[in-house]
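Enquirer: Per my numbering, residue 7 is the first one in the sequence shown, and the count goes up by one each step.
Glycine is no exception: its CB is placed at the ideal position from the N, C-alpha and C atoms.
As the structure is a prediction and not an experimental result, all values here were calculated from the model.
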Amino acid sequence: MQATVDTGIIGQWWAARPEASVILVTGRVFDVLDVPAVVGAAALARIEETGIAAGPVAEAGGRTLFFARPAGRRSTRTSGGLPAGL
């Protein structure tokens with residue numbers, strides 16, 4: 007397994023293997039709350055009832071993943087970001 011933060015290399019790897027999984031560090035820029043899918047569905051329904059935007063959510067392998075910025079953490083995204091498509 008290899009790792010890098012070089013966006014050029016990441017782009018090359020992903021172009022060569024677009025099906026590859028990506029491992030991202032949590033706790034710095036974002037956190038992930040991982041719950042059973044049934045719990046996630048109930049939570050999303052409740053969130054929808056309140057009118058609050060849920061933010062990014064993914065479902066995989068019978069689990070629901072809620073992505074959130076850690077409390078007190080401001081966005082660090084800049085216009086440089088990752089290459090297009092990543």
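So, at 6 Å on beta carbons, what are the nonlocal neighbours of Phe-72 in its own chain, with the 5 sequence-adjacent residues on each side left out?
Expert: Numbered from 1 along the sequence shown, position 66 holds the residue referred to as residue 72. Leu-39 and Val-63, listed in sequence order.
Enquirer: Taking only the alpha-carbon atoms, compute the straight-line gap between Thr-10 and Thr-32 and give it to the nearest angstrom.
Expert: Numbered from its first residue, the sequence shown carries residue 10 at position 4. Numbered from its first residue, the sequence shown carries residue 32 at position 26. Their backbone Cα atoms lie some 16 Å apart in a straight line.
Enquirer: Put Arg-52 into one of helix, strand or coil per three-state DSSP.
Expert: Here residue 52 is taken as the residue at index 46 of the sequence shown, counted from 1. In this structure, Arg-52 counts as helix in the three-state DSSP scheme.
Enquirer: Could you check the C-alpha separation between Glu-25 and Ala-77 for me, to the nearest Å?
Expert: Locating residue 25 in the sequence shown gives position 19, counting from the first residue. Locating residue 77 in the sequence shown gives position 71, counting from the first residue. Whole-angstrom Cα-Cα distance: 32 Å.
Enquirer: Let me check understanding here. Comparing Cα to Cα, which of Ala-48, Arg-69, Arg-23 and Ala-21 lies closest to Ala-42?
Expert: Counting from 1 along the sequence shown, the entry for residue 42 is found at position 36. Sequence check: residue 42 is Pro here, not Ala. Comparing Cα positions, the closest option is Arg-69.
Enquirer: State the CB to CB distance for the pair Ala-74 and Gly-57, rounded to an integer number of angstroms; the pair is presumed to be in contact (CB under 8 Å).
Expert: In the sequence shown, counting from the first residue as 1, residue 74 sits at position 68. In the sequence shown, counting from the first residue as 1, residue 57 sits at position 51. About 18 Å separates the two Cβ atoms, so there is no contact after all.
Enquirer: What residues in its chain sit with their C-beta under 7 Å from that of Ile-53, if we drop five residues either side in the sequence?
Expert: Against the sequence shown, residue 53 aligns to sequence position 47. These residues qualify, in order along the chain: Ala-60.
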